[in-house]
Amino acid sequence: MSQNLENKGEKRPRLSDGETPKPEGKLYKMSSDDDDIKTQFKTIIESMNDIKKGQSSMQKMFESKLDKMKTELMSSIDDKVKVLKSDIDLQWGQQQTKIEQLSNSVESVMNRLTVVEGVVAEGSMSGATNVNQTNQSYQNNQVNPLNNDEVTVIASGVPFEEGEDILIKAKQIVAEINTEISENDIVAAFRLKSRRQDRPGFVKIIATNVDTKRRILREKHKLRNSTNFKNIYLRSSKSHVERMFEINTRTLLKELPHGSSYRLTANGRIIKKTTEPANENEQTDDVASEFDTVSTRETIDKTHNQHGQSFSEFLNDSKFCVLNGRSGEQSNKFTSISLKGKAVVDYVCVPHDIVENCKNFEIITCNEIIESERIQHLIGTRSRIPDHAFLMFDYVENFIIKSENVKHNVLSTKKRFRFKEIPYVLNYTVTTGGYRELVNTDNGQITATEIYDGVSSHQIMEYRFDYDEPIHCQELNNCSSGDVPLQLEKDITKVC
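1 is the number of the first residue of the sequence shown in UniProt numbering; add one for each residue after it.
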C-alpha cells in the first residue's frame, strides 16, 4: 500500500527530448448485442425501401388499368353509337322507300279520280260506255310499262345485229330457258344505248307479270348449256333508289367496325355471314350466285386466312371469277411448292362474261417444264428453281365477219383486249433445224448449201427467258441463215 502511494506521488519521467510521454489508450471490446441491433436496423431500412417500391409499382399499375378501362369504355361507346347510327340510317332509307312507293300509289289514284271526274262531267255517254272510257283513259295515263322494274329483266351480252327485231330475240332467249312460258308473256323488249363502243347495250325484257319474271330468273342457269345464248347474263331490273340504297349500305358496312361480319342479300336484307372462317381459295355460294355462266369450282387448298373474305368481296363487287379449279385436274394444283409446304397463292381472275372463252387452263410447275424439255444441264450450280408455278390458258375470241354493205358505225360484238400490255407473256418460236448458205464475198455466188432437219414449234408462255441474240455462222465467208436455233443462257432460272 505504501508502495502504491509512493508510486502515485512520483512524477512521470520525461523523455530525453523533454516531452512527457502520453498514457497508453485502453481498448474496449463491443458486445455481440450491438451487432444484432445494426442488423435489425439494416433489415428495417431494406423493408421500408421495398414497401416504397411496391407502392410506386401499384400506383403505376392502377393508373395503367384506369387508362385502359377509359380507352375501352370510349371505344365501346363509339362502336355502339356507330352501330346505332347505321341502324337509324338503314331504317330511314327503308321508310323513305316506302314513302316513295306510297306517294306513287296516291298519285296513281289521284290521276284515276281525275279521269273519272272528267268523264262524269261530260255526261255524253251511257254508264257502260263511261266505264270503258274511264278504263281506257286510265291506261293511257298509266306509267310506261317499260319503266316498271317489277316485271323487267335486264339481259347483257346480247349480240347486236343491224336491223334486228329485239322482241323476237328476247322471246327466243326466254323460250330457251322455259318452253312453258308463252310468247305472249313477253310484252316488250328494247335495247339501251351502250356506253362502250366495244360492247352491245343492255336489253330490257318486260314480262306480263311478276310471276313470269320470277320463273325466268329461277331458270336462267339453263342458258349456260345453250349453244346460241350461253354468253348472255340475266338479272333483275332495279330502280335508281334501290341501286343507291345497295351502294350506300355496302359503303356503311365497310366503314363500320364490325361491318365485315354482315352482308347485303339480293332482296335488300342485311344478314350475318357464316361463322365458318372464309378462305380465299374458295368462292362462296353467295358470290357464285351472282353469275349464271360460271362452272362449279373445286378447291384443293383448305387453309383459311384473313384475306379470304376480302378476296371474295372483290370478286363479287367486280363480277370476276377465278379460273383455278374450273377445268379439270390440271387446273386444280398447288401454285407454290417449297420447303414450307404447299399452297394455292396464285390466281387468274377474269370477268364472268368471258369465262367460257378461257380454255385449257393449266398449272405447270418449273420442275415439270425442266423435265419435259430436258434442260437440267442448263441450270447453274448456284441457281435456284422458283417455287411458284406457271398459270397458262388459251383465250378464244368469237367474232362475226361483216359484209361490205354494213355501216361502219354499227356496234361490233367483238371485245378488244390490250394483250400487248399484259405482263409475263412470251410469244416465241423455237426451231431445232434449218439451213445455211455460204456465199463467196468476191463474186456473190453460193458456194455451198447445208440443210439440217428439225422441228419448229410456236408457243405462248407466261414467262420470259434472258437469252442472247441467235448465234449465226462463224465461217470466213459471209453466212445468210434461215431459221436459226434459239440459244438460251445457261441460267434458265431467270424468269419473271
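Beta carbons: idealized from backbone N, C-alpha and C, even for Gly.
Since residue i contacts residue j with CB under 8 Å, what's their CB separation in whole angstroms?
i: S237; j: I154; result: 5 Å
i: F311; j: S331; result: F311 to S331, Cβ: 18 Å. No contact.
i: I166; j: F229; result: Actually they are not in contact, since the Cβ atoms of I166 and F229 sit about 14 Å apart, beyond 8 Å.
i: K340; j: F334; result: In fact, because the Cβ distance is near 12 Å, the residues do not count as touching under 8 Å.
i: S260; j: K272; result: About 11 Å; that fails the 8 Å criterion.
i: T249; j: L90; result: 7 Å
i: C358; j: L315; result: With a Cβ gap of about 15 Å, C358 and L315 do not count as contacting.
Which residue wins for smallest C-alpha separation from residue i, given the options the options?
i: E183; options: I205, R195 and G163; result: I205
i: D198; options: L256, K169 and F160; result: F160
i: V396; options: K52, R243, I181 and E356; result: E356
i: D78; options: K220, V187 and L256; result: L256
i: L234; options: L378, K68, R243 and F202; result: F202
i: D149; options: A170, E107, N209 and G325; result: N209
i: A189; options: T152, R215 and K213; result: T152
i: V158; options: T179, I186 and R191; result: R191
i: I364; options: D346, V322, L378 and L84; result: D346
i: P351; options: K220, S261, E72 and F320; result: F320
i: I181; options: S156, A207, P200 and G163; result: A207
i: A389; options: C366, G308 and E100; result: C366
i: S318; options: C349, R112, V81 and G325; result: C349
i: G93; options: L252, K68, E72 and N49; result: L252
i: L223; options: T179, R196, K254 and S194; result: T179
i: A216; options: K359, V241 and I186; result: Note that residue 216 is Ile in the sequence shown here, rather than Ala. When only C-alpha atoms are compared, the closest one is I186.
i: Q309; options: I270, R263 and S64; result: R263
i: I337; options: I37, T97 and P386; result: P386
i: V241; options: E46, E164, Q96 and E162; result: Q96
DSSP beta-bridge partners for residue i?
i: S338; result: G341
i: T208; result: Bridge partners of T208: none, in fact.
i: V203; result: A155 and R191
i: S236; result: V153
i: I186; result: A207
i: I45; result: DSSP lists no partner for I45.
i: L264; result: I270
Let me know if residue i comes out buried or exposed under the rule of 16 or more other beta-carbons within 10 Å of its beta-carbon.
i: E469; result: With a pLDDT of 40 at E469, under the threshold of 50, the modelled position of this residue cannot be trusted, and the question is left open.
i: S86; result: buried
i: E176; result: buried
i: G54; result: exposed
i: M392; result: buried
i: E282; result: The predicted model places E282 with a pLDDT of 40, which falls under 50 and marks its position as unreliable; any figure quoted below should be read in that light. By the 10 Å Cβ count, E282 comes out buried.
i: D353; result: buried
i: I44; result: exposed
i: F245; result: buried
i: K213; result: buried
i: I88; result: exposed
i: I232; result: buried
i: G380; result: exposed
i: N443; result: exposed
i: L102; result: exposed
i: N104; result: exposed
i: G325; result: buried
i: K52; result: exposed
i: V109; result: exposed
Handout entry: Ranges of the beta strand (DSSP E) found wholly within the stretch 319-400, counting only runs of at least 3
Key = 320-322, 336-338, 341-343, 349-351, 358-364 and 390-395
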